[in-house]
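Undergrad: Numbering (the working numbering), first residue to last: 209 to 646.
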Amino acid sequence: MADAPAGKAGDLHAELDRRAGEVERRVIGWRHHLHRYPELPNREKHTAQLVIDHLESLGLDEVRTGVAGYGVVGVLRGGLPGERVIALRADMDALPVRETSGVDFASTVVDDDYPGGPFPVAHACGHDCHTAMLMGAATVLAGARERLPGTVLFVFQPAEEGPPVDEPGGAARMEAEDALADPRPTMVYGHHVVPLPAGWVGYREGPQYAASRMIKIVVTGHQVHGSTPWEGRDPLPPAADIIAATGQLYRQIDAHQAVTVSIGHVEDVGRFNIIGERVTLWGTARCADESGMAAVQRLVTRTADHIARAYGCAARVEFLQPVPPVRNAPAWVEAALPTLRRVAGEDRTVRSQPTLGYDDVSVFVNRYGGLYVMLGVQDIEMVDGVPRPVEGGRGLVVNHDPAFYADDSALVTGVRLHAHVAADHLGGALVPRTDPAP
Numbered sequence: 209m210a211d212a213p214a215g216k217a218g219d220l221h222a223e224l225d226r227r228a229g230e231v232e233r234r235v236i237g238w239r240h241h242l243h244r245y246p247e248l249p250n251r252e253k254h255t256a257q258l259v260i261d262h263l264e265s266l267g268l269d270e271v272r273t274g275v276a277g278y279g280v281v282g283v284l285r286g287g288l289p290g291e292r293v294i295a296l297r298a299d300m301d302a303l304p305v306r307e308t309s310g311v312d313f314a315s316t317v318v319d320d321d322y323p324g325g326p327f328p329v330a331h332a333c334g335h336d337c338h339t340a341m342l343m344g345a346a347t348v349l350a351g352a353r354e355r356l357p358g359t360v361l362f363v364f365q366p367a368e369e370g371p372p373v374d375e376p377g378g379a380a381r382m383e384a385e386d387a388l389a390d391p392r393p394t395m396v397y398g399h400h401v402v403p404l405p406a407g408w409v410g411y412r413e414g415p416q417y418a419a420s421r422m423i424k425i426v427v428t429g430h431q432v433h434g435s436t437p438w439e440g441r442d443p444l445p446p447a448a449d450i451i452a453a454t455g456q457l458y459r460q461i462d463a464h465q466a467v468t469v470s471i472g473h474v475e476d477v478g479r480f481n482i483i484g485e486r487v488t489l490w491g492t493a494r495c496a497d498e499s500g501m502a503a504v505q506r507l508v509t510r511t512a513d514h515i516a517r518a519y520g521c522a523a524r525v526e527f528l529q530p531v532p533p534v535r536n537a538p539a540w541v542e543a544a545l546p547t548l549r550r551v552a553g554e555d556r557t558v559r560s561q562p563t564l565g566y567d568d569v570s571v572f573v574n575r576y577g578g579l580y581v582m583l584g585v586q587d588i589e590m591v592d593g594v595p596r597p598v599e600g601g602r603g604l605v606v607n608h609d610p611a612f613y614a615d616d617s618a619l620v621t622g623v624r625l626h627a628h629v630a631a632d633h634l635g636g637a638l639v640p641r642t643d644p645a646p
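(1) Around the C-beta of residue 528, are 16 or more other C-beta atoms found within 10 angstroms, so that it is buried, or is it exposed?
(2) Determine the closest residue to residue 377 out of 264, 582 and 531, with distance taken between C-alpha atoms.
(3) Ignore the nearest five residues each way along the sequence and tell me which others in residue 446's own chain have a CB closer than 6 Å to its CB.
(4) As a quick exercise: from 550, 435, 539 and 418, pick the residue whose alpha carbon is nearest that of residue 642.
(5) Excluding five sequence neighbours on each side, which residues of the same chain lie with their C-beta closer than 7 Å to the C-beta of residue 645?
(6) My guess is that residue 423 and residue 500 are in contact by the Cβ rule of under 8 Å, so how many angstroms apart are they, rounded?
(7) For residue 546, name the three-state secondary structure that DSSP assigns.
(8) Could you tell me the alpha carbon to alpha carbon distance between residue 598 and residue 605, rounded to whole angstroms?
(9) Relative to the C-alpha of residue 368, which residue among 504, 455, 310 and 334 is closest?
(10) Less than 8 Å between the C-beta atoms of residue 336 and residue 444, yes or no?
(11) Kindly give me the distance between the Cβ atoms of residue 228 and residue 401, rounded to whole angstroms, as I take these residues to be in contact under 8 Å.
(12) Within 7 Å: the Cβ of residue 224 and any heavy atom of the ligand ZN?
(13) I believe residue 489 touches residue 474 by the beta-carbon criterion, under 8 Å. Please report the beta-carbon distance rounded to the nearest angstrom.
(14) So residue 344 packs on residue 467, CB below 8 Å; how close in whole Å?
(15) Measure the C-alpha to C-alpha separation of residue 624 and residue 351 and round it to an integer number of angstroms.
(16) What alpha helix (DSSP H) runs, 4 residues minimum, are completely inside the stretch 419-494?
(17) Does residue 187 come out as helix, strand or coil in the three-state DSSP assignment?
(18) So which of 450, 550 and 405 has the shortest CA-CA distance to residue 197?
(19) Quick one, are the C-beta atoms of residue 582 and residue 477 less than 8 Å apart?
(20) Grab me the residues of residue 621's own chain with a C-beta within less than 6 Å of its C-beta, minus the 5 sequence neighbours each way, in chain order.
(21) Around the Cβ of residue 464, are there at least 16 other Cβ atoms within 10 angstroms (buried) or fewer (exposed)?
(22) Grab the span of the alpha helix (DSSP H) containing residue 351 for me, first residue to last.
(23) Taking residue 418 and residue 304 to be in contact with their CB atoms under 8 Å, please state how far apart those CB atoms are, rounded to whole angstroms.
(24) Is it right to say residue 389 is buried, meaning 16 or more other beta carbons lie within 10 angstroms of its own, or is it exposed?
(25) So, under 8 Å CB-CB, residue 634 and residue 340 are touching, yes? Tell me the CB distance rounded to an integer number of Å.
(26) With 16 as the cutoff for other CB atoms within 10 Å, does residue 483 come out buried or exposed?
(27) Using 8 Å as the Cβ pair cut-off and three pairs as the minimum, do the stretch 269-283 and the stretch 352-368 touch?
(28) In the DSSP assignment, find the unbroken alpha helix (DSSP H) run with residue 658 in it and report its ends.
(29) In the DSSP output, which residue or residues are listed as bridge partners for residue 365?
(30) To which residues of the same chain is residue 380 closer than 7 Å at the C-beta, ignoring the five residues directly before and after it?
(31) Contact defined as beta carbons within less than 8 Å: I believe residue 392 pairs with residue 293. What is the distance between those atoms, to the nearest angstrom?
(32) Which parts of the stretch 263-294 are runs of the beta strand (DSSP E), unbroken and 3 residues or longer, counting only runs that do not cross its ends?
(33) Cutting at 6 Å between CB atoms, please list the residues of its own chain near residue 267, excluding the five before and the five after it.
(34) Counting C-beta neighbours from all protein chains within 10 Å, is the total for residue 238 16 or more, i.e. buried, or is it exposed?
(35) Per DSSP, what kind of secondary structure is residue 606 in: helix, strand or coil?
(36) Going along the chain, which residues of its own chain have a beta-carbon closer than 7 Å to the beta-carbon of residue 320, five neighbours each way excluded?
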């Protein structure tokens, strides 16, 4: 742990670290409980209740519930005068994944009622860690409230992974409901657990996470018995060609732009001896920069339409659940680096690579300003700036993999990151010196 600077700020940092150490075991316990009992997007009922019960026990000024579904916002007003407001954000939802991590608190949950299900459910992206760490940070900051100027918002967000297609949800719904409007944040902060060495912090100026769109392509033909295909129009062959062709669309886009289109799910209404009338393809488009999304949408639409027509079928394309990219303004990164390095250590704070993953924290960060960074949680070492598995460890396992794991030892670092960033921003040490536009 890096030495704290001298003076009142250093004393406060030391107190935050002490309180974080005291709450560490509880954070690990919360994380294990949440991991064992995950809930899918827009269904985070019991997760939210755990958060609510804990925040209410801290004596916060407000605990707002039922926000954008099962979202929760805790409000802590510091004991010192101050105008700054920091929103600390954690997402709560899990994934429709059957867990294979092998931990003794692994999920065996199956959601029988979720649209399109039943689905096995698992925290294969670390949102259990995010929720537990922010609960711990709320404990730490509430304990030190008399030394804090300004206000802290603890934002527990549902449906980051995307709600069912016919439901609103996530950060966009929270923003539509003005969840962060009173008081309005002067900074939003969060971090995401990733395959980096446990306790390391990764940061990046500019685009960190990609712009995203859900793709829905409905290919329609004419139903007929499988023994007489010439009497109908089979939508399966054009659907198959559309899947293959969309995977090659990157070749029609400037190679300097990071873009990917993936079809991940196919729905068919046919039977083994019936050529059905309709095939629905579900996928995702990702662009490192929002400016590339319009071209991707045009290419996907044209490709699906032309291929379907070649087979005598029709294709209808929709782009749903838009998420903007996460952009860390250089001025915010510059302002935050002393804090990140104090918490994680100078040699454990590194520039991270951009990713075509998405995170709808972008809705908050892009509007209010702030920062979103990576927190390492795995048995990894850095070799020439590249993460590599440690010999004898559990390996490098990416988010959304059924075997994804997070080392509990990193959780206290996440608690300290939230607490130090909040204290530094409210105290005026973590404020951009220049125009924070990316």
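All residues carry an ideal CB built from backbone N, CA and C; glycine is no exception. Values in this document were obtained by computation on a predicted structure and should not be read as measured data.
TA: So, from the listed chains and residues:
(1) Position 320 of the sequence shown holds residue 528. Exposed, by the Cβ-count rule.
(2) Stepping through the sequence shown from its first residue, residue 377 is reached at position 169. Per the C-alpha coordinates, the member of 264, 582 and 531 positioned closest to residue 377 is 531.
(3) Taking the sequence shown and counting its residues from 1, one reaches residue 446 at position 238. The beta carbon of residue 446 lies closer than 6 Å to those of 427, 515, 516, 519 and 521 in the same chain, with the five residues before and after it left out.
(4) As a working mapping, residue 642 is identified with position 434 in the sequence shown. Comparing Cα-Cα distances from residue 642 to each of 550, 435, 539 and 418, the minimum goes to 539.
(5) What you label residue 645 is simply residue 437 of the sequence shown in a count that begins at 1. Any reading at residue 645 needs caution, since the residue's pLDDT is 48, under 50, leaving its predicted position unreliable; the model's value is listed next. Taken in chain order, the residues that qualify are 537.
(6) Start at 1 with the first residue of the sequence shown, and residue 423 comes out as number 215. Start at 1 with the first residue of the sequence shown, and residue 500 comes out as number 292. Their Cβ separation, rounded to whole angstroms, is 15 Å, which puts residue 423 and residue 500 out of contact at 8 Å.
(7) As a first step, residue 546 must be located in the sequence shown, where it is residue number 338. The answer is helix: DSSP assigns residue 546 an H, G or I state.
(8) On the sequence shown, residue 598 is found 390 positions in, with the first residue counted as 1. On the sequence shown, residue 605 is found 397 positions in, with the first residue counted as 1. Taking the straight line joining both Cα atoms gives about 12 Å.
(9) Residue numbering aside, residue 368 sits at position 160 when the sequence shown is read from its first letter. Checked all of 504, 455, 310 and 334; the closest Cα to residue 368 is 334.
(10) Working through the sequence shown from its first residue, we reach residue 336 at position 128. Working through the sequence shown from its first residue, we reach residue 444 at position 236. For residue 336 and residue 444, no; Cβs fall outside 8 Å.
(11) Indexing the sequence shown from 1 puts residue 228 at position 20. Indexing the sequence shown from 1 puts residue 401 at position 193. Taking the Cβ atoms as the reference, residue 228 lies roughly 17 Å from residue 401, outside the contact range of under 8 Å.
(12) The ligand ZN is not part of this structure, which contains no ligands at all.
(13) Counting from one through the sequence shown, the residue named residue 489 turns up at place 281. Counting from one through the sequence shown, the residue named residue 474 turns up at place 266. About 6 Å; that satisfies the 8 Å criterion.
(14) Along the sequence shown, one-based indexing puts residue 344 at 136. Along the sequence shown, one-based indexing puts residue 467 at 259. In this structure residue 344 is not in contact with residue 467, their Cβ atoms being roughly 38 Å apart against a cut-off of 8 Å.
(15) What you label residue 624 is simply residue 416 of the sequence shown in a count that begins at 1. What you label residue 351 is simply residue 143 of the sequence shown in a count that begins at 1. Whole-angstrom Cα-Cα distance: 13 Å.
(16) Taking only runs of at least 4 residues, the alpha helix (DSSP H) segments lying wholly in the stretch 419-494 are 444-454.
(17) Nothing about residue 187 can be reported from this structure: the residues present for the chain run from 209 to 646 only.
(18) The structure shown has nothing for residue 197, since the chain only spans 209 to 646.
(19) In the sequence shown, the residue the question calls residue 582 occupies position 374. In the sequence shown, the residue the question calls residue 477 occupies position 269. Contact: no.
(20) Here the question's residue 621 lines up with position 413 in the sequence shown. Excluding positions up to five away in sequence, the list reads 407.
(21) In the sequence shown, residue 464 corresponds to position 256, counting from 1. Under this definition residue 464 is an exposed residue.
(22) Within the sequence shown, the letter at position 143 stands for residue 351. In this chain, the alpha helix (DSSP H) harbouring residue 351 covers 335-351.
(23) Within the sequence shown, numbered from 1, the residue matching residue 418 stands at position 210. Within the sequence shown, numbered from 1, the residue matching residue 304 stands at position 96. The C-beta distance from residue 418 to residue 304 rounds to 21 Å, too long to meet the 8 Å contact threshold.
(24) The count along the sequence shown starts at 1 and reaches residue 389 at position 181. The residue in question, residue 389, is exposed, as its Cβ has fewer than 16 Cβ neighbours within 10 Å.
(25) Your numbering for residue 634 matches position 426 in the sequence shown. Your numbering for residue 340 matches position 132 in the sequence shown. Their Cβ separation, rounded to whole angstroms, is 23 Å, which puts residue 634 and residue 340 out of contact at 8 Å.
(26) On the sequence shown, position 275 is the one that residue 483 refers to. With 16 or more other Cβ atoms inside 10 Å of its own Cβ, residue 483 counts as buried.
(27) They touch, by the three-pair rule.
(28) Lying before the first or after the last residue shown, residue 658 is absent from the chain, which here runs from 209 to 646.
(29) Here residue 365 refers to the residue found at position 157 of the sequence shown. Bridge partners of residue 365 according to DSSP: 299.
(30) Here the question's residue 380 lines up with position 172 in the sequence shown. Excluding its 5 nearest sequence neighbours in each direction, residue 380 has C-beta neighbours in its own chain below 7 Å: 568 and 571, listed in chain order.
(31) As a working note, residue 392 is residue 184 in the sequence shown. As a working note, residue 293 is residue 85 in the sequence shown. About 6 Å separates the two Cβ atoms, so the contact holds.
(32) 270-275 and 279-285, all fully within the stretch 263-294.
(33) Sequence index remark: in the sequence shown, residue 267 carries index 59 (1-based). Beyond the five residues adjoining it in sequence on each side, residue 267 comes within less than 6 Å, by CB distance, of no other residue in the same chain.
(34) In the sequence shown, residue 238 corresponds to position 30, counting from 1. Answer is buried; the Cβ neighbour count reaches 16.
(35) Counting from 1 along the sequence shown, the entry for residue 606 is found at position 398. Coil, per DSSP.
(36) Residue numbering aside, residue 320 sits at position 112 when the sequence shown is read from its first letter. Closer than 7 Å at the Cβ level, and outside the excluded window around residue 320, lie 326.
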